[in-house]
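Following: one structure in structure tokens, then a few remarks.
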Amino acid sequence: MKKLDKLVIKSFVGPLVLTFVVAVFVLLMQFIWKYVDDIAGKGLSIGIILELLMDASATFVPMAMPIAVLFASIMTMGNMGEHYELVAIKSGGIPLWRSMMPMGVIVVVMTVVAFMFADYVMPSAVLKYRTTLYDITRKKPALNIRPGEYYSEIDGFVIRVNEKDADGKTLHDITVYDHRSSSSQPDVVVAQDGTMQTTPDERYMLFTLFNGCSYSETANDASPESKPFTRIFFDTNRITFDLSDFAFDKSDESIFQGGYQMMNTDQLDSNIVRLKEQREENVRQQIANVAFALDAKKSDTVARLDIKSLCASLQHNQKTRVYTEAIARAERCLSDIRVNEQIITSQTEYINRHYIEWHRKFTLSVACIVLFLVGAPFGSLVRKGGLGVPLVASVVFFVLYYVIGMIAEKAVREGAIGTIGMWISTFVMLPIGLFLTYKAVQR
Numbered sequence: 203m204k205k206l207d208k209l210v211i212k213s214f215v216g217p218l219v220l221t222f223v224v225a226v227f228v229l230l231m232q233f234i235w236k237y238v239d240d241i242a243g244k245g246l247s248i249g250i251i252l253e254l255l256m257d258a259s260a261t262f263v264p265m266a267m268p269i270a271v272l273f274a275s276i277m278t279m280g281n282m283g284e285h286y287e288l289v290a291i292k293s294g295g296i297p298l299w300r301s302m303m304p305m306g307v308i309v310v311v312m313t314v315v316a317f318m319f320a321d322y323v324m325p326s327a328v329l330k331y332r333t334t335l336y337d338i339t340r341k342k343p344a345l346n347i348r349p350g351e352y353y354s355e356i357d358g359f360v361i362r363v364n365e366k367d368a369d370g371k372t373l374h375d376i377t378v379y380d381h382r383s384s385s386s387q388p389d390v391v392v393a394q395d396g397t398m399q400t401t402p403d404e405r406y407m408l409f410t411l412f413n414g415c416s417y418s419e420t421a422n423d424a425s426p427e428s429k430p431f432t433r434i435f436f437d438t439n440r441i442t443f444d445l446s447d448f449a450f451d452k453s454d455e456s457i458f459q460g461g462y463q464m465m466n467t468d469q470l471d472s473n474i475v476r477l478k479e480q481r482e483e484n485v486r487q488q489i490a491n492v493a494f495a496l497d498a499k500k501s502d503t504v505a506r507l508d509i510k511s512l513c514a515s516l517q518h519n520q521k522t523r524v525y526t527e528a529i530a531r532a533e534r535c536l537s538d539i540r541v542n543e544q545i546i547t548s549q550t551e552y553i554n555r556h557y558i559e560w561h562r563k564f565t566l567s568v569a570c571i572v573l574f575l576v577g578a579p580f581g582s583l584v585r586k587g588g589l590g591v592p593l594v595a596s597v598v599f600f601v602l603y604y605v606i607g608m609i610a611e612k613a614v615r616e617g618a619i620g621t622i623g624m625w626i627s628t629f630v631m632l633p634i635g636l637f638l639t640y641k642a643v644q645r
């Protein structure tokens with residue numbers, strides 16, 4: 203390996219790794235901000251949170267790679283231009299494309315890695331983080347009984363504690379409303395003091411109450427309207443609360459399998475074929491139903507009837523009934539057509555989502571090469587290193603690429619354009635990159 207290659211690789215790899223880590227971190231912060239309300243206050247262990255964040259981070263890798271390539275290429279070539287290293291290289295008879303070649307080799311390898319990651323690792327990561335996120339959203343907030351507030355998260359109970367000692371276990375002035383009975387009025391337990399503790403497996407919580415009284419109304423079988431009032435004083439009473447709903451239960455991942463985001467290219471291809479066959483079958487069935495409803499020749503009796511003479515022989519009220527029935531049948535037929543049209547439209551949109559996911563695996567990978575062709579020559583032209591110009595330029599270029607991609611993706615999803623629309627952002631940025639490369643080489 204020549205000294206030039208070592209110099210370029212050393213200048214390129216550092217910003218590349220740093221930018222990649224920062225890009226993943228920024229995307230992860232966006233994910234956390236989106237789901238912070240579902241995660242916070244659930245009493246989740248550090249292990250579960252780290253598992254969710256690791257799986258979510260893996261889904262951002264294919265998008266973070268093009269960002270890292272763009273920024274690192276602008277920064278590397280900008281630094282070399284600012285320090286007149288590019289001038290020295292050109293004065294030695296080495297063309298610009300030769301100095302860009304080591305970075306290009308790394309980018310090509312990253313393109314292959316990005317595709318393999320998107321095709322094999324990302325579907326599994328999406329499945330895992332979607333399952334974990336679903337379990338987190340189902341989990342109730344962590345048990346937190348605050349003094350002076352009514353706590354109703356435990357099914358069938360409402361608890362109010364007037365005072366709570368610093369140890370978090372000793373309670374004072376306790377009221378427990380039990381709504382589990384069929385009576386319209388809940389059973390009430392009042393105590394002066396008590397303690398609160400959970401079992402070692404955290405499946406149950408035990409309330410040990412002291413110096414209190416319980417109140418209840420019991421329905422009389424002989425006279426349902428008569429409800430004797432019962433009051434029982436106690437020195438010690440223990441109430442057990444089931445906390446199974448507060449436990450974090452891991453769902454079976456198989457219930458989430460089958461989503462298009464959790465498939466590789468081969469699975470997407472086979473699923474697209476199956477969905478197209480279902481859609482075509484629905485279309486054929488709808489055409490057959492409409493043809494059967496509208497084709498009067500299906501009935502020899504109807505074909506032999508003279509409609510005009512038949513209507514002329516009918517009285518006014520009979521004609522009204524015939525017209526009303528005919529209009530009702532036509533409206534039902536039209537309603538069936540509209541319903542099936544919506545079904546077919548939904549099926550088409552779902553197929554388009556599969557195509558989008560299939561093409562996304564390739565477009566995000568090829569984006570590494572396309573944005574490299576934009577970033578490297580742009581950096582050599584502006585000859586500004588550091589963080590300022592490379593950061594601003596990379597943000598502008600990537601936002602342009604991303605916005606065009608999002609608009610095109612929406613159009614593909616709605617069927618406005620074909621699936622080739624997923625490559626529009628590539629088709630827009632590639633000529634820009636080739637033009638910048640040409641200008642940089644000719645300079």
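Converting from the sequence shown to the numbering used here requires adding 202 to each position, the first position being numbered 1.
Built from N, CA and C at the ideal position, the CB exists for glycine as well.
Please read these numbers as outputs of a predicted model, since none were measured by experiment.
Which residues in the same chain have their Cβ closer than 6 Å to the Cβ of G283, if we skip the five residues on either side of it in sequence?
Residue mapping note: residue 283 aligns to position 81 of the sequence shown, counting from 1. Hits under 6 Å: S582 and R585.
Identify which residue in C535, I622, W235 and K452 has its Cα closest to the Cα of A490.
To locate residue 490, count along the sequence shown from 1; it is residue 288. Selected option, being the one with the closest Cα: C535.
For K212, which option in M277, D240, F599 and I250 has the closest C-alpha, if you only look at C-alpha atoms?
The residue you call residue 212 lines up with position 10 of the sequence shown. K212 has its Cα closest to that of M277, out of M277, D240, F599 and I250.
Check for me: the beta strand (DSSP E) holding F443 runs from which residue to which?
What you label residue 443 is simply residue 241 of the sequence shown in a count that begins at 1. Unbroken beta strand (DSSP E) run through F443: F431 to D444.
Taking the CB atoms as reference points, tell me whether M624 and Y603 lie closer together than 7 Å.
In the sequence shown, residue 624 corresponds to position 422, counting from 1. In the sequence shown, residue 603 corresponds to position 401, counting from 1. Result no, Cβ atoms of M624 and Y603 do not sit closer than 7 Å.
Count the other C-beta atoms from every protein chain shown that fall within 10 angstroms of the C-beta of D502, then say buried if there are 16 or more, exposed otherwise.
Sequence index remark: in the sequence shown, residue 502 carries index 300 (1-based). Only weak support is given to the placement of D502: the predicted model assigns it a pLDDT of 47, under 50, and the question is left unresolved by the model.
Is I546 near the ligand COA, with its Cβ less than 6 Å from a heavy atom?
Among the ligands in the structure shown, none appear at all, so the ligand COA cannot be discussed.
For L373, which residues does DSSP report across the bridge?
Here residue 373 refers to the residue found at position 171 when the sequence shown is read from its first residue. Paired residue(s): K366 and G396.
For the beta strand (DSSP E) containing T621, list its first residue and its last residue.
Your numbering for residue 621 matches position 419 in the sequence shown. First-last for T621: undefined, no H or E at that position.
How far does the beta strand (DSSP E) with M318 in it extend, from its first residue to its last?
By one-based count along the sequence shown, residue 318 stands at place 116. Taken as a continuous stretch (DSSP letters only), M318 belongs to no beta strand (DSSP E), being part of the alpha helix (DSSP H) at L298 to M318.
The beta strand (DSSP E) enclosing F214, as first and last residue numbers
Stepping through the sequence shown from its first residue, residue 214 is reached at position 12. It is not in any beta strand (DSSP E) - F214 instead sits in the alpha helix (DSSP H) that spans K205 to I241.
Would you tell me roughly how many angstroms separate the C-alpha atoms of G245 and F580, rounded to the nearest one?
By 1-based counting over the sequence shown, the position of residue 245 is 43. By 1-based counting over the sequence shown, the position of residue 580 is 378. Taking the straight line from one Cα to the other gives about 49 Å.
Own chain residues within Cβ distance below 8 Å of A613, not counting five before or after
Residue 613 sits at position 411 when you count from the first residue of the sequence shown. These residues qualify, in order along the chain: I619 and G623.
Should the stretch 559-569 be regarded as contacting the stretch 260-268, the criterion being three or more beta carbon pairs within less than 8 Å?
yes
R440 burial status per 10 Å Cβ neighbour count (16 or more: buried):
Here residue 440 refers to the residue found at position 238 when the sequence shown is read from its first residue. R440 comes out exposed.
Could you check the C-alpha separation between S259 and F319 for me, to the nearest Å?
If you number the sequence shown from 1, residue 259 lands on position 57. If you number the sequence shown from 1, residue 319 lands on position 117. One C-alpha to the other measures close to 12 Å.
Proximity winner among L335, I376, K208 and V223, relative to E365 (alpha-carbon distances)
For this step, residue 365 is matched to residue 163 along the sequence shown. Checking every option, the nearest Cα to that of E365 belongs to I376.
Could you check which residue in F431, E559, A368 and F637 has the C-alpha nearest to that of M173?
Only positions 203 to 645 of the chain appear in this structure, which leaves residue 173 out of reach.
Between V210, Q387, T372 and D337, which has its C-alpha nearest W299's C-alpha?
One-based indexing of the sequence shown puts residue 299 at position 97. With distances taken between Cα atoms, W299 lies closest to V210.
Given this structure, state the Cα-to-Cα distance separating V311 from S548, to the nearest angstrom.
Along the sequence shown, read from residue 1 onward, the residue named residue 311 stands at position 109. Along the sequence shown, read from residue 1 onward, the residue named residue 548 stands at position 346. If you take the alpha carbons of V311 and S548, they lie about 39 Å apart.
First and last residue of the beta strand (DSSP E) that includes M419?
By one-based count along the sequence shown, residue 419 stands at place 217. The question names Met, but residue 419 is Glu in the sequence shown. Element bounds for E419: Y406 to E419.
How would you label K205, buried or exposed, when you count the other beta carbons within 10 angstroms and need 16 or more for buried?
For the purposes of this step, residue 205 is taken as the residue at position 3 of the sequence shown. Under this definition K205 is an exposed residue.
Are the CB atoms of R332 and G358 within a distance shorter than 7 Å?
By 1-based counting over the sequence shown, the position of residue 358 is 156. By 1-based counting over the sequence shown, the position of residue 332 is 130. Taking 7 Å as the Cβ cut-off, G358 and R332 do not qualify as a contacting pair.
Using beta-carbon positions only, say whether I262 and V226 come within less than 7 Å of one another.
Reading the sequence shown from its first residue, position 60 is the one you call residue 262. Reading the sequence shown from its first residue, position 24 is the one you call residue 226. The amino acid at residue 262 is misidentified as Ile; the sequence shows Phe. Yes, the Cβ-Cβ distance between F262 and V226 is below 7 Å.
Go through its chain and collect everything with a Cβ distance to A642's Cβ below 7 Å, but skip five positions before and after it.
On the sequence shown, residue 642 is found 440 positions in, with the first residue counted as 1. Excluding sequence neighbours, A642 sits near L298, P579, S582 and L583.
According to the neighbour-count rule (16 or more other Cβ atoms, all chains shown, within 10 Å of its Cβ), is T339 buried or exposed?
Against the sequence shown, residue 339 aligns to sequence position 137. Classification of T339: exposed, given that the 10 Å Cβ count is below 16.
Strictly by DSSP, which residues pair up with F359?
To locate residue 359, count along the sequence shown from 1; it is residue 157. F359 pairs with D380.
Does P592 come out as helix, strand or coil in the three-state DSSP assignment?
Counting from 1 along the sequence shown, the entry for residue 592 is found at position 390. Note: P592 maps to helix in three-state DSSP.
Leaving out five residues before and five after S416 in sequence, what residues of the same chain have Cβ atoms less than 6 Å from its Cβ?
Here residue 416 corresponds to residue number 214 of the sequence shown, with the count starting at 1. V391 and I434, listed in sequence order.
Give me the residue from T432, I234 and V475 with the minimum Cα distance to T550.
To locate residue 550, count along the sequence shown from 1; it is residue 348. Of the listed residues, the one whose Cα sits closest to T550 is V475.
Considering only their Cβ atoms, is the gap separating N542 from D321 smaller than 7 Å?
Here the question's residue 321 lines up with position 119 in the sequence shown. Here the question's residue 542 lines up with position 340 in the sequence shown. Contact: no.
Determine, using beta carbons only, whether L445 and Y406 come nearer to each other than 7 Å.
Numbered from 1 along the sequence shown, position 243 holds the residue referred to as residue 445. Numbered from 1 along the sequence shown, position 204 holds the residue referred to as residue 406. Against a cut-off of 7 Å, the Cβ pair of Y406 and L445 comes out as a contact.
Just to confirm before moving on: does the CB-CB distance between L373 and G350 stay below 7 Å?
Position 171 of the sequence shown, counting from 1, holds the residue named residue 373. Position 148 of the sequence shown, counting from 1, holds the residue named residue 350. No, these two residues do not count as a Cβ contact at 7 Å.
Sorted by chain position, which residues of the same chain lie with C-beta nearer than 8 Å to D471's C-beta, five sequence neighbours on each side aside?
By 1-based counting over the sequence shown, the position of residue 471 is 269. Excluding positions up to five away in sequence, the list reads W560.
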